[in-house]
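In our numbering, the protein residues as written are 2 to 332.
Glycine included, each C-beta is placed from N, C-alpha and C at the ideal position.
Everything on this sheet refers to the single structure shown next.
Structure below.
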């Protein structure tokens, strides 16, 4: 009874401050309908879904903070989904939310660099350098063009919402939006099973962030994980399409994750499944299941290096070159 009374009063406060269809809810729906894509590719300004939002509205569209570390929705470990309902996020009541693996990444290379690995069909989107890409934003995704010949390394680059919305869901609700897909459950989970079979994709990146817990503090230190020369690589991914009531198609994507390699495990126990151009081509091809499984097998040692960076990256609205500046040793 006490719990119900607490949640009831919290929900009333949420409705009072934001309205039944308040700005936070409307913003979530607008983003899930793809409204951000035109803005993010249009110029030097790099708007973020949480830009210039009061804290309670930012929380209401699906993000929380625990200490200094961001927490987003993610695929659960036991066949469930760790979710934050809108009013739960608003009241910061979310006992099952965890610090997510691969919840931010960077793409500082131009998308034209994809052409070193694949023949690109169609136009290449205008996507400026990004230093702090966060969930729910449109991101570039590589997929096979419809009707592409087998064995041809041809891709098209499409902007999709980061956070997979299953095609069978009633709506693009935060409860069904997953930014990561565990490799171990790709073939079994209803949310990914069909996408894994028919809609595999690649997400280009030049690095990603993880937050390492401190043994003596609740604060967490952000690390940038990248190839030594910060060159382009690709996350294995799966994508999906969902139609709204007006028949508009919303494309969304989830990044595949695996157990972390031994060298990165002290930072986080999971990591994205990263591929080069050869592995990426195989991931996109109609390969046998055994070959696909091999591509998302945890590596013994990763090709990546990790560098401590400043806490300005904790703010998902901060997207600037100083996000990737390495801290001096001992700081």
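Straight-line gap, residue i to residue j (C-alpha atoms, nearest Å)
i, j, result
"residue 127", "residue 112", "8 Å"
"residue 231", "residue 191", "35 Å"
"residue 135", "residue 143", "18 Å"
"residue 105", "residue 284", "22 Å"
"residue 212", "residue 267", "10 Å"
"residue 223", "residue 310", "6 Å"
"residue 147", "residue 272", "30 Å"
"residue 234", "residue 180", "18 Å"
"residue 156", "residue 282", "9 Å"
"residue 319", "residue 325", "11 Å"
"residue 120", "residue 216", "47 Å"
"residue 145", "residue 218", "46 Å"
"residue 244", "residue 186", "25 Å"
"residue 37", "residue 163", "Here the model assigns residue 37 a pLDDT of 34, short of 50, so the residue's position is not dependable and the matter cannot be decided."
"residue 197", "residue 188", "7 Å"
"residue 214", "residue 167", "32 Å"
"residue 323", "residue 103", "20 Å"
Which residues DSSP lists as bridging residue i, in chain order
i, result
"residue 257", "182"
"residue 227", "306"
"residue 1", "The question about residue 1 has no answer, for the chain in this structure spans 2 to 332."
"residue 327", "310"
"residue 120", "155"
"residue 236", "204, 275"
"residue 139", "162"
"residue 250", "244"
Residue interval of the alpha helix (DSSP H) (run including residue i)
i, result
"residue 197", "194–199"
"residue 295", "290–296"
"residue 108", "Here residue 108 belongs to no alpha helix (DSSP H); instead the beta strand (DSSP E) covers 106–108."
"residue 284", "278–285"
Neighbour-count burial assignment, residue i, 16 or more Cβ in a 10 Å radius
i, result
"residue 200", "buried"
"residue 279", "exposed"
"residue 137", "buried"
"residue 287", "exposed"
"residue 241", "buried"
"residue 221", "buried"
"residue 302", "exposed"
"residue 124", "exposed"
"residue 317", "buried"
"residue 304", "exposed"
"residue 248", "exposed"
Whether residue i touches residue j by CB criterion (8 Å)
i, j, result
"residue 182", "residue 239", "yes"
"residue 210", "residue 228", "no"
"residue 159", "residue 252", "yes"
"residue 254", "residue 202", "yes"
"residue 270", "residue 263", "no"
"residue 109", "residue 130", "yes"
"residue 274", "residue 184", "yes"
"residue 193", "residue 321", "no"
"residue 257", "residue 314", "no"
"residue 206", "residue 107", "yes"
"residue 265", "residue 307", "yes"
Beta strand (DSSP E) segment containing residue i, residue limits
i, result
"residue 145", "Segment: none, residue 145 is in no beta strand (DSSP E) and carries neither H nor E."
"residue 134", "131–134"
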